[in-house]
Amino acid sequence: KTNNFRESAFYYGLAQRFDPFNIESSIGIGKSLSELENVEKGVEHVQNALANSPHKAALLNGIAEIYARKGDYANAIKFADNALTVDPNYALAFKTRGDALNSQDKIKEALDSYLTYCNLAPLDPQGRIERYKIMLKKQDFKGGKEELQKVVDNYPRYPGVYFMFSELYRES
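Heads up: the sequence shown is residues 50 to 221, going by our numbering.
If you want it as structure tokens, here you go:
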């Protein structure tokens with residue numbers, strides 16, 4: 050596993066040499082460093098990029114993703130909120146925030162964050178699917194069905210949605 054992260058960091062580094070302000074490269078290197086060394090090294094790398102980048106919300110959300118990946122949900126929420134302070138319409142920060150809140154079993158807040166993500170990123174069904182998973186866990190089968198139906202209405206060929214429906218009916 051370590052070799053994959055080392056290679057990942059190497060190729061992100063090459064990409065960054067050609068485009069120093071590429072946020073995906075900065076975040077990718079940060080995530081790889083957090084796996085290879087420690088969270089602080091990964092966060093430090095992204096924070097260094099933050100100083101010179103106009104893409105502050107994306108980079109702050111990248112830091113939130115690093116913390117969430119390592120199970121530090123309080124810092125994940127803090128940095129997702131910081132990203133939203135910079136850009137209140139940065140959709141991915143709402144998804145990251147929802148993931149962290151869901152991991153802490155803060156269900157209402159997670160559902161609210163995912164709903165905002167759905168409204169800001171209507172072309173991505175992932176927010177609806179996350180809402181469905183929470184509702185299934187809460188045994189809110191009607192709400193789960195409504196979320197899945199919205200996915201089907203917009204993405205009838207979305208992989209797995211019909212399996213999710215079968216799961217929903219099996220559980221209800």
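Beta carbons: idealized from backbone N, C-alpha and C, even for Gly.
Distance, residue j Cα to residue i Cα
i       : j       : result
His-104 : Leu-141 : 13 Å
Ala-107 : Asn-151 : 21 Å
Gln-188 : Ser-221 : 7 Å
Asp-154 : Tyr-122 : 11 Å
Asn-138 : Gly-209 : 29 Å
Cβ neighbour criterion (16 or more within 10 Å) applied to residue i
i       : result
Lys-157 : exposed
Pro-171 : exposed
Asp-202 : exposed
Arg-206 : exposed
Ala-117 : buried
Glu-86  : exposed
Tyr-218 : exposed
Tyr-211 : exposed
Residues near residue i by beta carbon distance below 8 Å, same chain, minus five either side
i       : result
Ser-162 : Phe-143, Lys-144, Arg-146, Gly-147 and Leu-150
Neighbourhood of residue i by C-beta distance below 7 Å, restricted to the same chain and skipping five residues each side
i      : result
Lys-90 : Leu-82 and Ser-83
Same chain, Cβ closer than 6 Å to residue i, neighbours up to 5 away in sequence not counted
i       : result
Pro-191 : Note that residue 191 corresponds to Lys in the displayed sequence, not to Pro. Around Lys-191: no qualifying Cβ.
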